[in-house]
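Visitor:
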Amino acid sequence: MSFENFGAGSFLGLVCRFSRLLTDRSRRLQSAVLLGCCLVFFFATLLLIRPAYLEQVENHTCDYRFRLRGPLANPNTVVIAAIDEKSIARLGRWPWSREKLAQLVDRLHEYGAEIVVFDIILSEKEANDQRLAQSIERASNVLLPLVFEFEKSPHPKPAGDLLMPSAFVSVANMERYEKLNPIHAENVLMPVPSLASQAMWLGYINMIPDIDGVIRWEMLAIEHDGYLYPPITLAAAALYKGIPWDRVEVDATQAVTLGQNRVITDQWGRMLINYYGPGHSFRHIPIIDILDGTIDPKVLQRKIVLVGATAVGIYDLRVTPFDAAMAGVEKHASVITSLLEKRYLRKAPLWMDLLFLLLFGIAAALRIPRFRAIQAALVMVALLFSCGAFAAFLFTSNGIVLTMIYPLLNITATFLAVTIYNYAVEERYSKQIRAMFSSYVTERVVNELIKNPDMAKLGGERREVTVLFSDVKGFTTFSERHSPEEVVSILNEYLTAMTDVIFRWEGTLDKFIGDAIVVFWGAPMPQENHVELAINCALHMNERLRELQEKWKAEGKPVLNAGIGINTGEVLVGNIGAEGKKMDYTVIGDHVNLGARAEGLTRRYDVPIILTEYSVTKLQARMAETGGAPIGHYSIKALERVIVKGKDTPVGIFALCSLEHGCTSEFIDAMPEGAVKLDEK
């Protein structure tokens, strides 16, 4: 049979299909990137909507940022006169008489306290109210608290004229509250009038926790009876800095201004509390020590003194990002100090949150699909860490609270979605590859092609391969003398046995052409030892054929015989065919045709296997790389130099036969002089 126009074949068609799978992989990458981009759009939409359950999770990410940042340096401008266990043990159970509170005010005035802020509701009248009122009047620096009530009551408690002077006098853009009212109070719990009238200022001490019970916000304005009122913390900071009250301005839904300082608020007039640390971040001085005069007056001089409960039994404990039980008075201390030091926290504007989400979301969409699951997981972790680190940096250095939950969920969702998508596609892709190649190459090669599909490089490429041609001798005569069923049966048995041997030696089974077998090594996967593999495969095929011959003789069946030709050389690997209709990935070139000619010469020289000089030269080079050690147990004997039909250059041919195990391989390269020109194919 002729191999002059050898090229198109079943395996080559499979590799063409494989090329389409490579294109599918590119499309799969594009689809995965598009999937990631869709997730970015989805989470950007969620960011605009801000579902309540995700906002709760976002609050916890803010809490973690506090813990990661740790306590802030405390200037000790604010100290706490603590109603603690030590003081209660000496002065008796709480509440104490107004006489003791009057003594405390007197002593703080004597020690030079700048501002005294009570975190104690004095709403019930007592016999010594006048005594305390006189002390408050004399000190002229005492702020008393009130509490707003937000539920309607059948018995309203009007504030009267005592509260009015404490209202904001400068409110800008009040019309914004027409669509979004500020936090509105129905009633107010005031201090005893005799005390309220002598106080320097009145301010509320309301704390409204988030749904999880954590205090994260300070309300800088509450509306009651048509007026906006400040918290006692804001009033204390403004008075301590000497800012006239008309210069404390509310910019509705935007900010509160203290002189030159602008404190950003949310749409309800709330400020994020910048906690200075866990409990006892501020100095606690037991009230009994103040009354006994056992402390250094310099500790209180020109300080803001907060009078509040820290004893556990009084139950004025709050949940904060740092502590599950922090004294409420410490919250006031953090707010006042942050206002004085201009250490404000502010939510990032929407454009910054969106930009943050887009940057990390698109990075995840572009990078994660390019890696396998483990590497993609590492990319995800790196992105999550970078996202958290960047948000923590802005929080710590600039007080900017970026919204983290949406970028974090976006990165995680991109990894999960792409991984699931890739798994589904890869599973289908692997099944296609396995179905395409499992009948043509070994399982190891199939697995390698699945892992590294680029090994089957497409397009025109020169590559050195070793080609093996095997053909049954006298098959035409055999077919004429036996029935088709008998021919097919014995031929299938022969081809099955040869295929097992080819796979054993990692050959690529190109095709069966009737009784002929075409195999090559070195493509689609590179194989450095392709000559040795081909030689060992040929010897093994010959040995397996002898075993079949003995079996057929024993069964009384006709016996087949075959010749094998092997050649090595550089060929062109590429796609050939009608583009868009049928394309085959094939090897073409003179060395392919020469391998077919070598197989035909086995009949002329009556040898089972013939090698060309090109294969022998390659084998010798490989032996030299191993220090000259023989490879296998076989004999290679020079036959003749021949000029095959269609060629002008003579080529040496060698007979290959197997030796017994333990025998030293032999190589006889003495070639007869001259060259024989052959006319037959």
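Residues 29 to 709 (our numbering) make up the sequence shown, in order. Positions of the beta carbon are idealized from the N, C-alpha and C atoms, including for glycine. Quantities reported herein were computed from a predicted structural model and do not represent experimental measurements.
(1) Among Pro552, Met192, Leu383 and Gly140, which residue has its Cα nearest to the Cα of Thr494?
(2) Which residue comes first and which comes last in the alpha helix (DSSP H) that contains Pro173?
(3) Fully enclosed by the region 73-145, which alpha helix (DSSP H) runs are 4 residues long or longer?
(4) Three or more C-beta pairs closer than 8 Å, one from the region 245-255 and one from the region 211-220: is that the case here?
(5) Quick one: Cα of Ile111 to Cα of Phe196, how far?
(6) Once DSSP output is grouped into helix, strand and coil, what is the label at Arg311?
(7) Could you have a look at Tyr662 and say whether DSSP puts it in helix, strand or coil?
(8) Just tell me which of Pro678, His558 and Ser366 has its CA closest to the CA of Met651.
(9) Which partner residues of Gly321 appear in the DSSP bridge assignment?
(10) Leaving out the 5 sequence neighbours to the left and right, which residues in its chain are closer than 6 Å to Asp91 when beta-carbon positions are compared?
(11) Where Phe540 and Tyr522 are concerned, what is the direct C-alpha to C-alpha distance, given to the nearest angstrom?
(12) Given that a residue counts as buried once 16 or more other Cβ atoms are within 10 Å of its Cβ, and exposed if not, what is Asn156?
(13) Taking the alpha carbon of Arg166 as the reference point, which residue from Pro182, Gln226 and Leu600 has its own alpha carbon closest?
(14) Mapping the DSSP letters down to three states, classify Glu489 as helix, strand or coil.
(15) Return the chain-ordered list of same chain residues with a C-beta closer than 6 Å to the C-beta of Gly17, the five sequence neighbours on each side being excluded.
(16) Quick check: what's the CA-CA separation for Glu277 versus Lys207?
(17) Looking only at DSSP bridge pairs, what is Arg290 linked to?
(18) Applying the criterion that 16 or more other CB atoms from any shown protein chain within 10 Å of the CB defines a buried residue, is Asp499 buried or exposed?
(19) Can you check whether the CB of Gln158 is closer than 8 Å to the CB of Ser115?
(20) In whole angstroms, give me the CA-to-CA distance for Lys370 and Leu300.
(21) Here's a check: name, in chain order, each residue in its chain whose Cβ is nearer than 6 Å to the Cβ of Glu694, leaving out the five neighbours to either side.
(22) Tell me the rounded alpha-carbon separation between Thr89 and Glu154.
(23) For a quick check, are the C-beta atoms of Leu171 and Val199 less than 8 Å apart?
(24) Compute the beta-carbon to beta-carbon distance between Val357 and Leu334, rounded to the nearest angstrom, for a pair I have assumed lies under 8 Å.
(25) Could you tell me whether the region 334-346 touches the region 120-138, where touching means 3 or more Cβ pairs closer than 8 Å?
(26) Can you list, in chain order, the residues of its chain with a C-beta nearer than 6 Å to that of Gly597? Leave out the 5 residues immediately preceding and following it.
(27) Starting from Tyr257, trace the alpha helix (DSSP H) both ways and give me its first and last residue.
(28) Take every Cβ of the region 369-385, pair it with every Cβ of the region 397-410, and state whether three or more of those distances are shorter than 8 Å.
(29) Residues bridged to Met247 by DSSP?
(30) Going by the DSSP bridge assignment, what does Asn215 pair with across the sheet?
(31) Just the Cα atoms here: how many angstroms apart are Gly321 and Ala161?
(32) On a Cα-Cα basis, can you pick out the residue from Ile390, Asp351, Asn564 and Arg204 that is closest to Thr281?
(33) Taking just the CA atoms, how far does His308 sit from Ala352?
(34) Report the three-state DSSP secondary structure of Leu49 (helix, strand or coil).
(35) Please check the pair Pro173 and Tyr232, which I expect to be a contact at CB under 8 Å, by giving their CB distance rounded to whole angstroms.
(36) Enumerate in chain order the residues of its own chain whose CB-to-CB distance from Gly502 is below 8 Å, with the five nearest sequence positions on each side excluded.
Guide: On the basis of the supplied data:
(1) For Thr494, the closest of Pro552, Met192, Leu383 and Gly140 by C-alpha to C-alpha distance is Pro552.
(2) Looking at the DSSP string, Pro173 is not in any alpha helix (DSSP H); the run it does join, the beta strand (DSSP E), is Val170 to Glu177.
(3) Complete alpha helix (DSSP H) runs here, min 4: 80-97, 113-119 and 126-138.
(4) Touching, yes.
(5) Their Cα atoms are separated by approximately 31 Å.
(6) Coil.
(7) Tyr662 falls in the strand class under three-state DSSP.
(8) In this structure, His558 is the residue among Pro678, His558 and Ser366 with its C-alpha nearest to the C-alpha of Met651.
(9) Gly321 pairs with nothing; no bridge assigned.
(10) The residues are Pro349.
(11) About 12 Å.
(12) Exposed, by the Cβ-count rule.
(13) Closest by alpha carbon: Gln226.
(14) Collapsing the DSSP output to three states places Glu489 in a strand.
(15) Since the first residue of the chain shown is 29 and the last is 709, residue 17 is not available in this structure.
(16) So the two alpha carbons sit approximately 20 Å from each other.
(17) In the DSSP output, where bridge partners are listed per residue, Arg290 has Thr285.
(18) Buried is the call here.
(19) Not a contact, by the Cβ cut-off of 8 Å.
(20) The alpha-carbon atoms of Lys370 and Leu300 are separated by roughly 13 Å.
(21) Within its own chain, the residues whose Cβ lies closer than 6 Å to the Cβ of Glu694, once the five positions on either side in sequence are excluded, are Ser663, listed in chain order.
(22) Whole-angstrom Cα-Cα distance: 47 Å.
(23) Contact: no.
(24) About 5 Å separates the CB atoms of Val357 and Leu334; that is less than 8 Å, so the two are in contact.
(25) Yes: the two stretches touch, three or more of their Cβ pairs being nearer than 8 Å.
(26) His619 and Tyr642.
(27) It is not in any alpha helix (DSSP H) - Tyr257 instead sits in the beta strand (DSSP E) that spans Tyr255 to Tyr257.
(28) At 8 Å Cβ cutoff, the stretches do not touch.
(29) According to DSSP, Met247 shares a beta bridge with Arg298.
(30) DSSP, once it has assigned bridges, lists Glu177 as partnering Asn215.
(31) Here the alpha carbons of Ala161 and Gly321 stand approximately 22 Å from one another.
(32) Checked all of Ile390, Asp351, Asn564 and Arg204; the closest Cα to Thr281 is Arg204.
(33) Near 13 Å, if we compare the C-alpha coordinates of His308 and Ala352.
(34) In this prediction, Leu49 has a pLDDT of 48, which is less than 50 and means its spatial position is unreliable; nothing more can be read from the coordinates.
(35) Pro173 to Tyr232, Cβ: 7 Å. Contact.
(36) By the criterion of a C-beta distance shorter than 8 Å, Gly502 is surrounded in its chain by Asn589, once the five residues flanking it on both sides are discounted.
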